[in-house]
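Please read the structure below before turning to the comments.
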Amino acid sequence: MRQEIPQYANNCVRIFQFQVCNASLEVYVRRAYTSYDITCLQHLALSGELGVVHFQFVLPTGHPNRIPISQSEIELSAAQDQEGVPAELSTAAMRKCHHRTGALAAFNSFEQFVEYSDELLDLVHDFASTATVRREDLQALQDGSESRDSTSINVGMDYKQIVEEEVPLEPIHILMIGIRNTGEADDSAVSRRFGHFCRAHARELHQKRIRRITFMLLIKRQFPKFFTYRARNDFKEDTIYRHLEPASAFQLELYRMRSYDLEALPTSNQKMHLYLGKAKVKKGQEVTDFRFFIRSIIRHQDLITKEASFEYLQNEGERMLLEAMDELEVAFSHPLAKRTDCNHIFLNFGPTILIDPAKIEDSVLGMVMRYGPRLWKLRVLQAEIRFTLRVGPGSPTKTIRLCLSNGSGYSLDVYSYEEVSDPKTGVIIFQSYGPKQGPMHGLPISTPYVTKDYLQQKRFLATSQGTTYVYDIPDMFRQMVEDQWRDYIEEGSVDGPRPDNVMNLVELVMENDGERRIMEVTRLPGQNNVGMVAWRITLFTPEYPEGRDIVLIANDLTYYMGSFGPQEDWVYFRASEYAREHKIPRVYVSVNSGARIGVAEEVKSEFKVAWIDAEHPDRGFKYLYLSPEAYSRLGPMGSVKTTLIDDEGETRYKITDVIGKEDGLGVECLRDAGLIAGETAQAYEDIVTISVVTCRAIGIGSYVVRLGHRVIQVESSYIVLTGYMALNKLLGKPVYASNNQLGGIQIMYNNGVTHAVAPSDLEAIRTTVKWLSYIPKDKLSIVPILRSADPIDRPVEWVPPRTAHDPRFMLTGEGNRLGFFDAGSFDEIMRPWAQTVIAGRARLGGIPVGVIAVETRTVELTLPADPANWDSEAKTVQQAGQVWFPDSSYKTAQAINDFTREGLPIIIFANWRGFSGGQKDMYEQILKFGAEIVRALRGATAPVIVYIPPGAELRGGAWAVVDPSVNGNRMEMYADNDARGGVLEPEGIVEVKFKQRDIVKTMHRLDPELLRLGARISELKEQIKDISKNLDRRGSVDEVLIKTDVGRQAESKIRDLESELTTGEKNAKVREKELAPVYHQIAIQFAELHDTAERMLEKGCIFDIVPWKNSRKILYWRLRRLLHQNLQERRVQNATGPDSIDQRAAAATLRRWFTEDRRGDTGTFVAKRHLRLSHQWENDNEAVCRWLEQQALDQDSVLERNLRAIKQDAVLQNVNQLVMELTPSQRAEFMRKLSALEIEQDYNN
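Per the numbering used here, numbering of the sequence shown is gapless, rising by one per residue and ending at 1301.
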């Protein structure tokens, strides 16, 4: 009895272990096959009491093996079915079996598995169904009568052959073997071991109908390793599925990558599955499409609240995205990683979530924007997120797929799809979810990923060079205009919503005729056969909702690396000429390699060499020649010019000139380079030109960029005349290491060639669109005036201090203290160059203006060392604030010229003490550049307002160059009460006109103590003089007199007075020294009082005194009035005909019309303010501005009627002059034709 108890206990332990093992196996099956419909599961045992779980299941509807073979097969099979037969019971479905049987067993070692392998295979085969499945069983399965938890075998066990009612199906068995790890860490060795078993038993595995056998290497406290061997591969390992759980593999949708040859790459994260795809191409073709696919499945229990669902999706999604990017960064060590593009991330969320799909989209977009630069660096251009959701509690589930694409690198396309079953075919397809229809709408979910197309290959080439493909540039404008609408609507400058379409375009193509005319065409991207592309683009911007036109010209880097050949030059020339004809802005995107260099390839492969000694080629050669056969082929082409000779016993054609059959091999490229240089110089004068440099601009490309002046340079690009390697060869030593060293932003931005820099191409286009927003739509229009979100009547709160300060705060404000211009509207240009002057564009009450301000602080100018000169050193030079230096003078003149050609009014915040006139500055042409400021202001066509802010001063030559008399028709000057202006600073005036002696005189005139001392000193001097006058001490008489008492008393009195006089004078000197500092300040103050704004106004040097606090409102209405007045003045001048009146006469005409019209009001024609004249035209800018605007809108207004009358008078006058020049017979003929014309008009009426 005692011996039976341990045996019974051992049996109990074995039974318990067996049950635990079976339970573990069942849990694994149910977890791994949770996406399947398990129809039967039972526990079996091998002879050694080893547990086996045998189960049967049906593939889920989204499984690739349930997808019909082809659409034609579906349609063909459907014709054989009766009407109303479910898709799952159709002939096509029955031919493709959806059922599987599986067995899972675990062993302590591989040897143990081999020992039981035959028994296990027999068991699987015996417990599986035969080659038939009854229709009624499958129908019951579709109806859901079977419980997925059933433990009985309910798939047909009837062996009776039913020919008509049954369709033959191939039994498919899945075998999963778990083997405990014995310490083998090398996957290759383990794979060979398993593979050897499969190859040895391949015949038996086929006979037993084994579809797949998967070995799971079980490692303690680690994720199992999977090795899968398939029947279709003759039981060789499917390496794509290594370490991938086969049951859930379909959720990674590897079948969609079937257009690629895949290579599985190892990952440190078992949840991530990484593949390198190589596009399948025809034999002999080169593979150009390489991309990484990284995929993951997220498992979790279903979520029942919206809050939990959103939090889980957001946190888990971001974590998985970061892990995917980490794996991709490691994968970039692969040798082919540099050739990858359009890399793809796929995340499949398993749990059902309760959430609004729109909320998911917003969350995903936020993540993409946060990690955009890193994703772009990893070349991740596509992503998919698949999840199952419920819109609300109790609502049916939907499988939603969010697809993101960033093919161009800057425009993120987001589309949502729902996976639905096609009612006709039963195929699961993508159906757009939401209002926006995506490109995959209506396609089966099995649609493979499309390999890189022709455009994407060009995109990849452009991207690999660090730029954007040329045909993607217009879409960048579209995206930036959409962003501009959003920003303007948010700030309240315009009313929403934005237009559905913000851009239209037509391509400008040059005809291949002799005239090389430009024509507008609409064609697909990438059809250009020239390396220069141009468009006419209509942008529907917030400033011009009705549309504004620009001409966009861009190099195509994928065509001869963007070099300039004759064809490219002519496209550029004609497109720029087109922009000038239509007077619209021209934008040039420069990504070029300079003038094209080439050789005649047809001659290169045919010429021969006449050697001096054929046996010793090193002795040199005599000439190059062609054989008669080669000449017969090349001669008709005109590729060469030759001389016929006889040499070495044969006829030869000695080559004298190589012409080439193609154009654009040499000097002709330089000829046409001059053509586009001249066109660009003229375009700068006639229209607004903007250049964007991305990647590079070389040679003539750099010249046309500079000739257009307004340059936006991408940070990674460079502008050079010659490449660094060519310079190194010229210098004979490796001086330069890169082209960026020669023409990067650290050079071109600091020397003023580049006006603005941008981190990317997209940001460069954003800057371009921003600059365009300040500029009129054409040369005939005034600047676009928007509704200002910043109130125009608010005070200017930031007041410039007396000490050195950042003048940008005066323009933009600081913190809560607002500045002069609209908040956030100031955009500075050329910032690091000539820093003592600040230039940019801004808005004043919605009016675009050009801005020039003065730096008050001392700045440092760094002069770099020349790498080609080893003796040179970098130098730092200090430049004082409020002074014009040669560079800042040139910057001022250039900014004024740019703003004038843009049609922008200019506001100059003057605060200059003068020009730097030292020897160095005189040598560096300060005089010439200072004179250029005058020339620029003289050519201004829009209003120029010079304003001297509080605490600022304008002195000497600085006043002279900005005085309104330089351009009396366009310039006006205003000043704050605390502003100062004069020839010299007060200190200088004191040194010249209020010297020390004048200061002393002032002391003695004003100081009571000095007045007392002065009076006493004068009195003492008078007393001494009187005593000395009455006392004669000459000769013997003196001797006698001195000896008297009276003489002695007089002598003593004089000595006392002289002593007191000396003391008084000393006291006066002490007092003068004591008062000198304060009286010096008094002198300075006195001199400064000659420089006040009131005196400027009294002398007619400024137009008015404008307090800084109210300057924003006052100058806004003045500027707006001048813009409209100048426009109407031009209309008056144009109406008068060829002999037009000048601007002053036109202004007087408008003034008279204004007076006449206002007198027609109900006696309200009175001046609201009285500054210099009691006249509303002079003083009330707001009233005049509103009158001009109203008159222009009303076709029956006084202004419009008078303009029509002036035009008619001018026409009559011109006709009279022409008629008087005719002979009598010609006048008679003219009158006859005129009468006939009148009769015809009367008849038509």
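Don't be surprised by glycine CBs; every beta carbon is placed ideally from N, CA and C.
Per-residue burial, residue i [other beta carbons within 10 Å of its own, 16 or more giving buried]
| i | result |
| --- | --- |
| A924 | exposed |
| I125 | Any reading at I125 must be qualified, since the residue scores a pLDDT of 44, below 50, and its modelled position is unreliable; no value is offered. |
| A143 | Caution applies to A143, whose pLDDT of 40 falls short of 50 and renders its modelled position unreliable; the model cannot decide the point. |
| T859 | exposed |
| W1164 | buried |
| V1002 | buried |
| K281 | buried |
| Q278 | exposed |
| P452 | exposed |
| S520 | exposed |
| A364 | exposed |
| W926 | exposed |
| L993 | buried |
| R375 | exposed |
Contact belief for residue i with residue j at Cβ below 8 Å, rounded distance in angstroms
| i | j | result |
| --- | --- | --- |
| I1140 | K1109 | With a Cβ gap of about 45 Å, I1140 and K1109 do not count as contacting. |
| V1254 | E1185 | Their Cβ separation, rounded to whole angstroms, is 16 Å, which puts V1254 and E1185 out of contact at 8 Å. |
| G764 | T736 | 6 Å |
Straight-line gap, residue i to residue j (C-alpha atoms, nearest Å)
| i | j | result |
| --- | --- | --- |
| A79 | G463 | 50 Å |
| I441 | P479 | 25 Å |
| V760 | L731 | 10 Å |
| I485 | E319 | 28 Å |
| D382 | T323 | 10 Å |
| K327 | I401 | 13 Å |
| E1041 | R1011 | 7 Å |
| Y331 | N404 | 16 Å |
| G1037 | L1153 | 11 Å |
| T1058 | Y1135 | 8 Å |
| Y505 | R314 | 8 Å |
| E685 | I715 | 19 Å |
| T186 | H229 | Reliability of the predicted coordinates at T186 is poor, the pLDDT of 44 falling under 50, and the value obtained from them is presented with this limitation in mind. Distance between the alpha carbons of T186 and H229: 11 Å. |
| L680 | L786 | 28 Å |
| E929 | I1197 | 60 Å |
Closest residue to residue i among the options (Cα-Cα distance)
| i | options | result |
| --- | --- | --- |
| L828 | M781, E475, R766 | R766 |
| L384 | L369, R446, R1127, L321 | L321 |
| R1208 | A1191, Q975, D1195, N1258 | N1258 |
| T712 | K678, E685, A737, G722 | K678 |
| R249 | I230, Q75, S165, A987 | S165 |
| G650 | R675, A631, E624 | E624 |
| M886 | S944, M423, F533 | S944 |
| L900 | W889, L160, V839 | V839 |
| R312 | N121, G465, R843, I411 | N121 |
| E718 | H154, M693, L783 | M693 |
| V436 | A380, I409, Q487 | A380 |
| I1004 | R850, S1167, I411 | S1167 |
| I1161 | P1194, R1283, A1031 | A1031 |
| Q168 | E105, H110, D182, H181 | E105 |
Cβ-heavy atom distance, residue i to the ligand GDP, below 7 Å
| i | result |
| --- | --- |
| R913 | Among the components modelled here there is no ligand, and therefore nothing to report on the ligand GDP. |
Please specify which runs of the beta strand (DSSP E), each continuous and at least 3 residues long, are wholly inside the stretch 428–486, giving them in chain order. Unbroken beta strand (DSSP E) stretches of 3 residues or longer found wholly inside the stretch 428–486: 436–446, 454–461, 469–477, given in chain order.
Which runs of the alpha helix (DSSP H) fall wholly inside the stretch 680–709 and span at least 4 residues, in chain order? Counting whole runs of 4 or more residues, the stretch 680–709 contains the alpha helix (DSSP H) stretches 684–690.
Output the residue ranges of the beta strand (DSSP E) runs that lie fully inside the stretch 1113–1170 and measure 3 residues or longer, sorted by chain position. Annotation: the stretch 1113–1170 contains no complete segment of the beta strand (DSSP E) (minimum length 3 residues).
Taking only runs of the beta strand (DSSP E) that begin and end inside the stretch 704–756, which ones reach a length of at least 3 residues, in chain order? Correct list: 706–714, 745–749, 752–754.
Please give me, in chain order, every unbroken run of the beta strand (DSSP E) with length at least 3 that falls completely inside the stretch 277–309. Counting only runs of 3 or more, we get 281–286.
Let me know the beta strand (DSSP E) ranges lying completely inside the stretch 960–998, each 3 residues or longer, listed in chain order. Counting only runs of 3 or more residues that sit fully inside the stretch 960–998, the beta strand (DSSP E) segments are 962–965, in chain order.
Just list the alpha helix (DSSP H) runs in the stretch 583–629, keeping only unbroken ones of 4 residues or longer that don't cross its boundaries, in chain order. None, since the stretch 583–629 contains no complete alpha helix (DSSP H) of that length.
Where in the stretch 800–833 do unbroken runs of the beta strand (DSSP E), each at least 3 residues long, occur, reported from the N-terminal end onward? Entirely contained in the stretch 800–833, the beta strand (DSSP E) runs reaching 3 residues are, in chain order, 812–814.
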